[in-house]
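The structure appears right after this line, and notes come after that.
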Amino acid sequence: MPYYRAVGEIPRKRHTVFRRPDGGIYAEELMGEEGFSSDSSLLYHRFLPTAIVKTEPVDVPPDLVGTTPNMPLAPRHFRTQELTTNGDMVEGRRLLAGNGDVRIGFARTDVPSGLYRNSVGDETVYIQSGSVRFESTYGVIEAGEGDYVTIPTGTIHRWVPHGTVTALTIEASGHIRPPKRYLSSYGQYLEHAPYCERDLRGPSGPLVVEGEEAETATPVLVRTRGGLTRMTFAHHPFDVVGWDGYLYPYAFNIHDFEPIVKKTHAPPPVHQTFEGPNFVVCSFCPRPLDYHPEAVPIPYNHHNVDSDEFMYYVAGDYAARAGSGIDIGSISLHPAGFTHGPQPGAVEASLGARETTEMAVMIDTFRPLDIGPAGRESEDPNYAWTWAR
Numbered sequence: 001m002p003y004y005r006a007v008g009e010i011p012r013k014r015h016t017v018f019r020r021p022d023g024g025i026y027a028e029e030l031m032g033e034e035g036f037s038s039d040s041s042l043l044y045h046r047f048l049p050t051a052i053v054k055t056e057p058v059d060v061p062p063d064l065v066g067t068t069p070n071m072p073l074a075p076r077h078f079r080t081q082e083l084t085t086n087g088d089m090v091e092g093r094r095l096l097a098g099n100g101d102v103r104i105g106f107a108r109t110d111v112p113s114g115l116y117r118n119s120v121g122d123e124t125v126y127i128q129s130g131s132v133r134f135e136s137t138y139g140v141i142e143a144g145e146g147d148y149v150t151i152p153t154g155t156i157h158r159w160v161p162h163g164t165v166t167a168l169t170i171e172a173s174g175h176i177r178p179p180k181r182y183l184s185s186y187g188q189y190l191e192h193a194p195y196c197e198r199d200l201r202g203p204s205g206p207l208v209v210e211g212e213e214a215e216t217a218t219p220v221l222v223r224t225r226g227g228l229t230r231m232t233f234a235h236h237p238f239d240v241v242g243w244d245g246y247l248y249p250y251a252f253n254i255h256d257f258e259p260i261v262k263k264t265h266a267p268p269p270v271h272q273t274f275e276g277p278n279f280v281v282c283s284f285c286p287r288p289l290d291y292h293p294e295a296v297p298i299p300y301n302h303h304n305v306d307s308d309e310f311m312y313y314v315a316g317d318y319a320a321r322a323g324s325g326i327d328i329g330s331i332s333l334h335p336a337g338f339t340h341g342p343q344p345g346a347v348e349a350s351l352g353a354r355e356t357t358e359m360a361v362m363i364d365t366f367r368p369l370d371i372g373p374a375g376r377e378s379e380d381p382n383y384a385w386t387w388a389r
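Under full-length UniProt numbering, read the sequence shown as residues 1 to 389, first letter to last.
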């Protein structure tokens, strides 16, 4: 995170004695990135965060493995509206696509998850519909429709839906951060950035489990590059009375993104919201359209020779693909090696338009995306031919 926060009770100086009310000493934990050379936070636990009593292997659910190459090469359309899902926001998510840099999943659930720690990389979860309480060792974030929730690597957390929640999950092999070009050399958002610190919501206070539950051995599902492990802690890990630093989960709502408008059509980098290892996340939001008197206000045909384009249509009207079968909840995958663009007739129909209501989350990857089980199950087999109609 690019700015400092302090939440709950912390001592005046780092790495000094900080006593509990009973005279014992709180256990200090440093959560840090890149071997003590990047962002970090210090958390103060009532119990030792190192105290575990059992570990056991866990089979990876079949919906989270089994990608196959996009062959024969073709544009794809996945209809998440038709996907069946079981379980919670962690173990019930279904794999749509992925590669060695990022795994993209889908979840629809009304069931609370167990405690989970992803020790492979950061996650960003986009809430397409519904609302959910995100609980972690850092505290609570209430998230709803349009929220991106970004979770640092190694954060123990769980999801508690308020009714049914639909979400897109983005699991990185490293860290997900604001684009470097939006930040000063000291980490402040610059004036040209399409959002700023005021738009980010971190936990407002500690979340401390009390009573018998706090003293009870508690299982946490841990994901590493080797697979899944169920690790049982001697005490409930939600025992942090305070923390400070630059590393913590936060939410950002897509409606707070401030679109950049040009005289003629602007390319997708103006929509960039986050960057990860070999991928970017972009937000397409309602905005005034290009104001040149002869502007074509929808995308031109384009061929991204270095990236695959994965687009999740979340709200509004995406005029460029009207008539192709794309609808709210659809996902298009336009791979490198294929030129894509507006639906036949869309250019003419768009002339004179002054605004767009489209909302979409786009993930551009710089290595090819393979197709997951949920992608294969929900694919529209006729999509590739829609430009030839």
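No residue lacks a Cβ here, since even glycine has one placed at the ideal position from N, Cα and C.
The three-state secondary structure of H303, taken from DSSP, is coil. Membership of V347 in the alpha helix (DSSP H) is indicated by the continuous run 346-350. One Cα belongs to E171, the other to P293, and the distance between them is close to 42 Å. The beta carbon of M362 sits closer than 6 Å to the beta carbons of C282, M311 from its chain, once the five residues preceding and following it are set aside; these are given in chain order. With a 10 Å radius around the Cβ and a threshold of 16 neighbouring Cβ atoms, P344 comes out exposed.
DSSP places T80 within a helical segment (H, G or I) once states are collapsed to three. D327 sits away from A97, with the two beta carbons spaced by 9 Å or more.
For P57, the uninterrupted beta strand (DSSP E) segment begins and ends at 52-58. For E213, no beta strand (DSSP E) run applies; the uninterrupted alpha helix (DSSP H) run containing it begins and ends at 211-215, by DSSP. Here the C-alpha atom of L351 lies approximately 33 Å from the C-alpha atom of P179. V270 and P11 have their C-alpha atoms some 42 Å from each other. Beyond the five residues adjoining it in sequence on each side, A74 comes within less than 7 Å, by CB distance, of A384 in the same chain, given in chain order. In the DSSP assignment, P219 forms a beta bridge with T232. Runs of the beta strand (DSSP E) lying entirely within the region 108-148, each at least 3 residues long, are 116-118, 123-136, 139-144 in chain order.
For Y291, the CB contacts under 8 Å within the same chain, skipping 5 residues up- and downstream, are V261, K263 in chain order. A distance below 9 Å separates the beta carbons of S204 and G139. In the three-state reduction of the DSSP assignment, V102 falls in the strand class, which pools E and B. Residue P288 holds the alpha-carbon nearest to the alpha-carbon of T356 among N382, S307, P288, A336.
For the 9 Å CB-CB criterion, F134 and E145 do not form a contact.
Sequence-distant Cβ neighbours of V111 in its own chain, meaning closer than 6 Å and more than five residues away, are D88.
Rounded to the nearest whole angstrom, the C-alpha separation of P342 and A266 is 15 Å. With contacts defined as CB atoms closer than 9 Å, P368 and N118 fail to qualify as a contacting pair. About 5 Å separates the beta carbons of D308 and P335, which is inside the 8 Å limit, making them a contact pair. Y318 is the residue among P237, H15, Y318, H303 whose C-alpha sits nearest the C-alpha of A353.
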